[in-house]
Amino acid sequence: GDSVTQMEGPVTLSEEAFLTINCTYTATGYPSLFWYVQYPGEGLQLLLKATKADDKGSNKGFEATYRKETTSFHLEKGSVQVSDSAVYFCASSRAGNQFYFGTGTSLTVIP
Amino acid sequence: EAQVTQNPRYLITVTGKKLTVTCSQNMNHEYMSWYRQDPGLGLRQIYYSMNVEVTDKGDVPEGYKVSRKEKRNFPLILESPSPNQTSLYFCASSFSGAYGYTFGSGTRLTVV
Chain A
7 GDSVTQMEGP VTLSEEAFLT INCTYTATGY PSLFWYVQYP GEGLQLLLKA TKADDKGSNK
67 GFEATYRKET TSFHLEKGSV QVSDSAVYFC ASSRAGNQFY FGTGTSLTVI P
Chain B
5 EAQVTQNPRY LITVTGKKLT VTCSQNMNHE YMSWYRQDPG LGLRQIYYSM NVEVTDKGDV
65 PEGYKVSRKE KRNFPLILES PSPNQTSLYF CASSFSGAYG YTFGSGTRLT VV
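In the order they appear, the protein sequences are chains A and B. Just so you know, we're using this note's numbering here: the first sequence kicks off at 7 and counts up by one. Just so you know, we're using this note's numbering here: the second sequence kicks off at 5 and counts up by one.
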């Protein structure tokens, strides 16, 4: 069945460091791919998405490219801020209704 | 403001006492879904609905019921809660799943 695997955390970075959180997916066909962010005590917020191969999703300085050949959707940001501290979830959706989430990666950015 | 509203935010109950967590969205979305979030397991889908009176099981439906009598509401019902249903629950809605879901703020349920 479909699944999403993302790198385990926690990840701790200094402010202005480069961030990569790896995500790979398993699916029959070509799912839509998403990154969600969860700040402490809040629900999940859609950060970015890509619906087909080679699409690049971007938002708030974060980027991820849909790589069909490596079945990956890695999240990157060139310079993280303390306010980026949160848990990040990668997700896939093939049928549009059933979502498959990774286990989440906790990011802490220190000043 | 476009949002998904869940109630209550926090709930402590005893084993076997029926409870309902309400979920309402004001975006006229067709799709709605319930998830539970547990440490180390991420989010797992409990039930989803594509339209009024259309519901289907997700990955972990055992012990839960849902109904979709109106487009805006999608309550989650635990007929006989057990301690292994202690979790953080999220309701979500979407115009189309391919565009991603809007999540509620969550309901933290503790069953003792």
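Every residue gets a Cβ at the ideal spot worked out from N, C-alpha and C, and that includes glycine.
Going by C-alpha distance, which of the options is nearest residue i?
i	options	result
residue 32 of chain B	B:58, B:15, B:16 and B:7	B:7
residue 57 of chain A	A:35, A:117 and A:90	A:35
residue 53 of chain A	B:9, B:107, B:26 and B:27	B:107
residue 70 of chain A	A:44, A:117, A:97 and A:22	A:97
residue 77 of chain A	A:17, A:43, A:38 and A:26	A:38
residue 44 of chain B	A:115, A:47 and A:108	A:108
residue 45 of chain A	A:15, A:94 and A:105	A:94
residue 65 of chain B	B:23, B:40 and B:55	B:40
residue 5 of chain B	B:29, B:19, B:21 and B:13	B:29
From the DSSP output, read off the bridge partner residues of residue i.
i	result
residue 40 of chain B	B:48 and B:93
residue 62 of chain A	A:71
residue 139 of chain B	This structure gives no information on residue 139 of chain B, because the portion of chain B shown stretches from 5 to 116.
residue 22 of chain A	Answer is none; residue 22 of chain A lacks a bridge partner.
residue 36 of chain A	Beta-bridge pairing links residue 36 of chain A to no other residue.
residue 106 of chain B	B:97
residue 99 of chain A	A:38 and A:105
residue 112 of chain B	B:14 and B:92
residue 43 of chain A	A:51 and A:94
residue 35 of chain B	B:98
residue 31 of chain A	A:10
residue 69 of chain B	B:81
residue 64 of chain B	DSSP, once it has assigned bridges, lists no residue as partnering residue 64 of chain B.
Taking 8 Å as the CB-CB cut-off, is residue i touching chain A?
i	result
residue 45 of chain B	yes
residue 108 of chain B	yes
residue 49 of chain B	yes
residue 105 of chain B	yes
residue 68 of chain B	no
residue 20 of chain B	no
residue 14 of chain B	no
Kindly indicate if chain B contains any beta-carbon less than 8 Å away from that of residue i.
i	result
residue 55 of chain A	yes
residue 109 of chain A	yes
residue 105 of chain A	yes
residue 64 of chain A	no
residue 99 of chain A	yes
Please tell me whether, using a cut-off of 7 Å, the distance from the CB of residue i to the nearest non-hydrogen atom of the ligand ATP is below it.
i	result
residue 29 of chain B	Only the bare structure without any ligand can be found here, which leaves the ligand ATP out of the picture.
Which residues, in chain order, does the region 84 to 96 of chain A contribute to contact with chain B at a C-beta distance below 9 Å?
95
Could you list the residues in the region 38 to 52 of chain A with a C-beta less than 9 Å from some C-beta on chain B, going in chain order?
38, 40, 42, 44, 47, 48, 49, 50, 51 and 52
Stretch pair the region 58 to 75 of chain B + the region 22 to 30 of chain A: three plus CB contacts closer than 8 Å:
no
With three or more C-beta pairs closer than 8 Å as the rule, is the region 77 to 93 of chain A touching the region 109 to 116 of chain A?
yes
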